[in-house]
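In what follows, a single structure is set out as structure tokens and then discussed.
Residue numbers (this note's numbering): 2 to 189.
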């Protein structure tokens with residue numbers, strides 16, 4: 002069928018940090034970043050390991066990855082930290098910086114420059130080097146994705162919502178893209 006697969010693993014790829022990959026993200030330079038169980042992140046550039054990023058000791062498994070407009074990479078962890086990696090330097094955000102200490106399920110950098118983070122019961126944005134919690138009534142957050150037009154998509158136990166900061170206030174909209182008229186139904 003013309004499909005080829007190339008396997009990257011510690012056994013066949015020198016410098017590959019581990020077999021248990023927990024997250025993947027393609028950055029604006031078309032480099033593939035991936036989180037590794039147990040902590041750390043790797044990067045593939047043109048099919049070769051460009052770098053294995055050693056995160057600070059005690060940092061858990063990388064669960065999600067994002068990139069901001071400046072090219073800084075952001076990692077969320079199973080142990081509840083968010084790490085900014087830029088220019089070879091790391092900054093760890095944790096409970097002291099407003100995070101709840103729960104596994105981070107999603108990260109996103111939106112078009113307005115906000116960094117969003119979500120856990121199962123919490124979500125917030127980074128404001129002045131501190132995460133601000135935003136009230137949310139629906140438990141069971143599952144995923145977050147930044148929107149090119151600003152704000153984020155948030156998937157949780159109640160479905161899918163668009164969240165944005167309009168004039169500094171958080172607003173939630175039911176996305177027009179998901180209106181009953183726009184979603185075709187078909188039998189499987």
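Where is the CB? At the ideal position from N, CA and C, for every residue including glycine.
Query: Reduced DSSP category for residue 148 - H, G, I as helix; E, B as strand; rest coil; Result: coil
Query: Residue 49 versus residue 109: straight-line alpha-carbon distance, rounded; Result: 26 Å
Query: Beta-carbon contacts of residue 182 that lie in its chain and below 8 Å, excluding the five residues immediately before and after; Result: Confidence is the limiting factor: at residue 182 the pLDDT is only 43, short of 50, which leaves the residue's position unreliable, though a coordinate-based value still follows. Same-chain partners within the cutoff: there are none.
Query: Straight-line Cα distance separating residue 156 from residue 164; Result: 11 Å
Query: Beta-carbon spacing of residue 22, residue 39 below 8 Å; Result: no
Query: Span separating the alpha-carbon of residue 113 from that of residue 134; Result: 18 Å
Query: Nearest-angstrom Cβ-Cβ length linking residue 74 and residue 68, presumed shorter than 8 Å; Result: 6 Å
Query: Distance CB(residue 91)-CB(residue 78) smaller than 8 Å; Result: no
Query: Residue 119 and residue 142 closer than 8 Å at C-beta; Result: yes
Query: Closest residue to residue 149 among 30, 111, 58 (Cα-Cα distance); Result: 111
Query: Whole beta strand (DSSP E) elements within the stretch 50-105, 3-residue minimum; Result: 63-68, 74-78, 83-87, 90-94
Query: For residue 45, three-class secondary structure by DSSP; Result: strand
Query: Residue 126 - partner residues in DSSP beta bridges; Result: 117, 133
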